[in-house]
Every structure is written in structure tokens, then in C-alpha cells.
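Contents: one structure, followed by commentary.
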Amino acid sequence: MKPLKAFTIPFVGLKEGKHHFEYDIEQSFFEYFEYEEFNDSNIKVNLVLNKKTTLLELNFKISGTVNVNCDLTNEPYHQSIENELDLVVKFGDEYNDDNIDILIIPHGEYEINVQQYIYELIVLGVPNKLIHPGVEDGTLDSEILKKLEELSPKLTEDQNNKEDIDPRWNTLKKLLTDK
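Whatever position you read off the sequence shown (first residue = 1), add 658 for this note's numbering.
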């Protein structure tokens with residue numbers, strides 16, 4: 659997968675200190691990764707790169723909304739997300755991203771691509787179970803919910819009050835009382 663140029667930061671020409679980068683993430687970003695869980699997205703990424711003599715500190719902050727389908731009703735809604743990541747980039751003999759918080763890149767590198775970190779930060783910021791807010795507070799008017807209500811089994815008062823006990827259990831209960 660070829661890296662997107664907009665997310666490549668050439669750090670070799672930057673002075674020591676903090677540098678701010680902002681990205682607006684839209685649906686085309688996720689199409690690049692072939693991620694089709696979002697209907698639409700509007701996410702802001704604030705990246706602060708703190709360049710020091712021997713390392714780089716990256717602080718990612720994302721906030722925004724993604725349009726997703728509810729897991730219960732399949733109704734689309736806007737899910738707000740916020741997430742944050744601190745990453746330390748060190749220089750070493752070879753590339754190593756085994757540690758979540760530390761990235762080691764070879765000494766000769768002059769730029770870093772942050773698209774994968776932004777992608778993972780957004781995807782991991784979305785809750786595992788997506789429930790439309792209207793389902794939780796009961797205000798969602800959906801055809802699916804109406805159909806589920808219509809097809810759900812109805813319990814009458816007679817069924818609730820009458821205990822259907824198999825007569826064989828009564829015989830077994832006698833064994834307990836006949837001690």
C-alpha cells in the first residue's frame with residue numbers, strides 16, 4: 659500500500675521544538691484503507707510533533723463524528739468519537755514497531771508517515787456496540803422496531819400466573835418430602 663503524501667511529515671528540516679499539524683479526515687481516507695464500516699466521516703486530527711535532539715514525540719488527538727449503522731436497527735446515525743495517542747519515535751539500526759508507544763526508525767530516515775496511526779486511532783475510538791441514541795431513550799421511530807414489537811411473543815396474565823409444571827416433577831418432589 660503506497661503511503662498518502664499528505665500524511666508524510668519530513669522532520670529533518672524542522673527546528674527543535676513543537677510543530678502543529680492538522681488533518682481533516684473524510685470518507686476517502688477510509689476508502690484508501692478499504693474500510694467500509696463508516697457511511698460518512700468528519701474527523702479533525704491535531705498532531706503535535708515535539709522534535710528533540712535524539713527523538714521525536716508525537717501527540718495525536720482526534721475528535722469528530724462518523725456516520726454508522728446501528729447494530730440493533732440498522733438505522734444510520736452520527737457517533738461522536740474522541741481518542742488520543744502519545745508516540746515516541748527513536749532512531750536505531752532497523753525499523754521496529756513492536757511496542758505500541760515506541761517506534762524505532764533507521765538512522766538515515768528523514769520523514770515519517772502517520773496515516774496508519776491516525777487510521778487505527780479513529781477505528782479504535784468507535785465503540786464496539788453501536789446503538790442509536792433513539793433506541794436507548796425510546797424516541798426512534800423505525801419500521802424495524804415496529805416489526806420486532808409486532809412479532810415479539812405476547813404474554814397474557816393467565817400465562818404469567820399459571821405455572822405449567824410437568825406432573826413428573828410432582829412425583830419427584832414426593833421423594834424429597836418422604837425422607
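Ideal Cβ placement from N, Cα and C applies to all residues, glycine included.
Own chain, CB closer than 8 Å to residue i, minus 5 neighbours either side, in chain order
i, result
"residue 819", "For residue 819, the predicted structure reports a pLDDT of 49, less than 50, and the residue's modelled location is therefore unreliable. The matter cannot be settled from this model."
"residue 713", "746, 747, 748, 749"
"residue 734", "697, 725, 726, 727, 728"
Whole-angstrom distance between residue j and residue i, CA atom to CA atom
i, j, result
"residue 706", "residue 780", "17 Å"
"residue 797", "residue 809", "20 Å"
"residue 678", "residue 716", "10 Å"
"residue 685", "residue 786", "20 Å"
"residue 699", "residue 725", "6 Å"
"residue 770", "residue 719", "17 Å"
"residue 689", "residue 742", "23 Å"
"residue 694", "residue 823", "51 Å"
"residue 784", "residue 736", "11 Å"
"residue 767", "residue 723", "34 Å"
Nonlocal neighbours in the same chain, by C-beta distance under 6 Å from residue i, ignoring five residues either side
i, result
"residue 762", "748, 750, 754"
For residue i, the first and last residue of its enclosing beta strand (DSSP E)
i, result
"residue 700", "698–709"
"residue 601", "Absent from the model: residue 601. The displayed extent of the chain is 659 to 837, so no value can be given."
"residue 712", "No beta strand (DSSP E) contains residue 712, which DSSP labels as neither H nor E."
"residue 676", "675–683"
Range of the contiguous alpha helix (DSSP H) that encloses residue i
i, result
"residue 795", "791–795"
Beta carbon proximity, residue i to chain D, threshold 8 Å
i, result
"residue 758", "You won't find chain D in this structure, because it holds only one protein chain."
Okay, do the region 667–675 and the region 702–716 touch, 3+ Cβ pairs below 8 Å being the bar? Yes, since at least three Cβ pairs between the region 667–675 and the region 702–716 fall closer than 8 Å, the two stretches touch.
Considering only residues of the region 728–784, which uninterrupted alpha helix (DSSP H) runs meet the minimum length of 4 residues and lie entirely inside it, listed in chain order? The qualifying runs are 773–783.
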